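Just below is one structure, and these are the notes that go with it.
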Amino acid sequence: MTKHELNPELLAQFSQQFNADPKNQVISRAVSRSGLQEAAYNPAAEHNHTFSLELDTDNVTNQKQSGRCWLFSTLNVVRHNFGKKNKAKNFTFSQSYNFFWDKIERANYFYDRIIKTADRPLDDRTVRGYFDWCQTDGGQWHMAASLIKKYGVVPTYAMPESFNSEHSAVLDQILADKERKDALALRELAQKDDQEALEAARVRFLGDIYQIMATALGEPPKTFDLEFRDDDQNYHLDKDLTPLAFYQKYCDTDLDDYVVLANAPDHPLNRVLHLGFEDNIQGGYPNLFINVPMEYLERATVEQLKGGEAVWFGNDVLRQMDRKTGMMDLKLYQYDALLGIDTHLSKADRLRTGIGESSHDMAIVGADIDGGHIRKWKVENSWGDKSGNKGYFTMSADWFREYTYEVAVQKQYVPKDILALLDTDPIELDPWDSLI
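All residue numbers for the sequence shown refer to the UniProt record's numbering, where the first residue is 1 and numbers rise by one.
What follows is the structure, encoded as structure tokens:
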């Protein structure tokens with residue numbers, strides 16, 4: 001490999017080039033005082049908060065210092081359906097309840113993966129991936145759907161947020177430390193082919209995980225009384241409901257009816273992708289995406305909004321987004337113009353190089369459509385009501401196309417030939433895939 005040492009002559013050349021333009025010193029002083037982001041901000045990219053198509057939603061949720069956006073956004077879709085059916089648009093579900101079960105289910109899946117790969121070395125790339133990501137907060141639509149289908153949901157008052165659900169970093173670290181230690185023991189027992197001792201250890205370790213979660217969050221309720229006033233101030237009471245019975249009786253969302261459309265142009269289009277590395281429940285929904293051109297995601301999203309339902313979507317929220325105003329626009333921060341550089345890459349190349357990622361999940365609850373042309377989208381975030389417009393963000397149509405990677409929509413809004421792809425063998429994605 002050729003080694004290139006930086007020498008004084010080359011550095012002097014760079015300095016001369018920088019100082020050749022007097023404006024650079026002025027720009028440097030301004031940027032040094034205000035910061036790159038503030039200096040690059042383009043107020044002309046701001047949008048108004050008016051939409052031609054809007055769902056009747058109200059209060060927003062707040063995931064605080066946790067990575068549960070996937071769970072919040074999925075539950076937001078479900079609660080809006082509940083609100084429409086039961087005339088209770090401000091009703092919220094407990095995220096802590098499903099978070100509890102997710103951690104235990106993830107541990108169970110992790111132990112199974114470790115046992116299955118016990119014959120591989122620890123530095124095997126897949127095994128290393130399992131160890132690295134054994135307990136995180138992040139997730140996907142199908143992971144939340146699996147939890148809801150198996151465990152149901154409960155109102156917020158039945159299992160409120162706790163310090164550890166809202167500030168999950170320490171909890172995640174403790175769980176990861178425990179599970180990694182357990183994994184070494186399980187690998188050793190599996191390599192000895194001591195099935196009786198292996199199963200006893202696996203169950204004991206899961207009991208430890210339950211104890212950690214019950215201590216940190218409290219035990220989930222087995223039953224609760226549903227009590228609320230609807231939007232017309234009518235009183236409702238239904239006693240002694242299980243979480244699953246509540247979901248089946250009151251929530252107008254059949255999770256079997258949904259499919260996730262993806263636009264990951266670094267992967268083959270018109271193929272089904274399986275992100276098995278993030279499957280969280282044995283026997284639950286697999287993380288399957290139908291990878292299609294962007295217009296399918298856009299069209300299905302509009303149709304579902306017209307049908308009166310919010311749309312979950314996975315995106316790269318930290319790109320060209322202002323948390324304070326809630327603006328999401330490709331021209332919001334003009335770093336290239338400020339610095340005299342060119343950082344533009346295609347969506348595919350951003351994924352290939354690790355620049356692009358699906359880092360956040362939210363819900364689309366409205367759109368501004370003019371003559372069939374989408375101008376912008378209304379987005380419900382889960383960062384509380386102090387960001388954006390009382391918690392709602394405004395996303396340009398171009399931002400949606402560039403930084404959205406997945407949408408969860410009802411199958412009725414997807415062409416039959418695209419749905420037929422679900423009958424084909426999926427491409428199995430590695431733990432280091434760009435969609436992780």
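All C-beta atoms in this analysis are idealised placements derived from N, C-alpha and C, irrespective of residue type, glycine included. Computed from a predicted model, the values in this text were never measured in an experiment.
For chain C, check one thing: does any of its Cβ atoms lie closer than 8 Å to the Cβ of ALA190?
Judged by its chain identifiers, the structure shown contains no chain C, having just a single protein chain.
What is the DSSP secondary structure of residue 485, counted as helix, strand or coil?
Residue 485 lies beyond the range of the chain shown here (1 to 436); nothing can be said about it.
Provide the residue(s) that pair with PHE289 in DSSP beta bridges, ordered along the chain.
Beta-bridge partners assigned by DSSP to PHE289: VAL260 and LEU273.
For HIS236, which residues of its own chain have a beta-carbon under 6 Å away from its beta-carbon, when the five flanking residues on both sides are left out?
Taken in chain order, the residues that qualify are PHE228.
Relative to the alpha-carbon of GLU406, which residue among VAL272, VAL60, LEU53 and LYS103 has its alpha-carbon at the smallest distance?
Of the listed residues, the one whose Cα sits closest to GLU406 is VAL272.
Any contact of the stretch 292-299 with the stretch 276-283, i.e. 3+ C-beta pairs under 8 Å?
Three or more beta-carbon pairs separated by less than 8 Å are not found between the stretch 292-299 and the stretch 276-283, which leaves the two stretches without contact.
Could you check what DSSP says for SER165 in three-state terms: helix, strand or coil?
DSSP places SER165 in helix when its eight states are reduced to three.
Cβ pair ILE148, VAL259 closer than 8 Å:
For ILE148 and VAL259, no; Cβs fall outside 8 Å.
From the DSSP output, in three-state form, read off residue 463 for me.
Because the chain is modelled from 1 through 436, residue 463 falls outside the range shown and cannot be assessed.
Can you tell me whether GLY314 is helix, strand or coil according to DSSP?
When DSSP states are grouped into helix, strand and coil, GLY314 belongs to the strand group.
For PHE313, count neighbouring Cβ atoms within 10 angstroms of its own Cβ and tell me buried if that reaches 16, exposed if not.
Counting Cβ neighbours within 10 Å, PHE313 comes out buried, since at least 16 surround it.
Return yes when the Cβ of ASN315 is within less than 8 Å of the Cβ of TYR403, no when it is not.
With contacts defined by Cβ atoms closer than 8 Å, TYR403 and ASN315 form a contacting pair.
So the beta strand (DSSP E) ALA367 belongs to, where does it begin and stop?
From DSSP, the beta strand (DSSP E) with ALA367 extends over 360-370.
Identify which residue in PRO426, GLU54, ASN90 and GLU46 has its Cα closest to the Cα of PRO268.
The shortest C-alpha separation from PRO268 is found at PRO426.
Quick one: what does DSSP say LYS239 is sitting in, helix, strand or coil?
In the structure shown, LYS239 sits in a strand (DSSP, three-state: E or B).
Would you decide whether ARG106 is buried or exposed? Buried here means 16 or more other CB atoms lie within 10 Å of its CB.
Buried is the call here.
How far does the alpha helix (DSSP H) with THR215 in it reach, from first residue to last?
Start and end: 195-217.
Suppose you measure from the CA of ILE209 to the CA of LEU175; what does that come to, to the nearest Å?
Going by the C-alpha atoms only, they are around 7 Å apart.
Does DSSP put residue 438 in a helix, a strand or coil?
Lying before the first or after the last residue shown, residue 438 is absent from the chain, which here runs from 1 to 436.
Which stretch, first to last residue, makes up the alpha helix (DSSP H) that contains SER34?
For SER34, the enclosing alpha helix (DSSP H) begins and ends at 23-34.
So if DSSP puts GLU428 in a beta bridge, which residue, or which two residues, is it bridged to?
Listed as beta-bridge partners of GLU428 by DSSP are HIS274.
Could you check which residue in ASN48, SER52 and ILE364 has the C-alpha nearest to that of ASP370?
When ASN48, SER52 and ILE364 are compared, the shortest CA-CA separation from ASP370 is found for SER52.
Which listed residue (TRP141, PHE393, PHE110 and ASP240) has its alpha carbon closest to that of ARG128:
Per the Cα distances, PHE110.
Residues near ASP230 by beta carbon distance below 8 Å, same chain, minus five either side:
Taken in chain order, the residues that qualify are ASN86, LYS87, ALA88 and HIS236.
VAL78 - DSSP class collapsed to helix/strand/coil:
Looking at VAL78 - three-state DSSP - the assignment turns out to be helix.
Out of curiosity, what's the CA-to-CA distance linking MET213 and MET143?
Put simply, the backbone Cα of MET213 is about 19 Å away from that of MET143.
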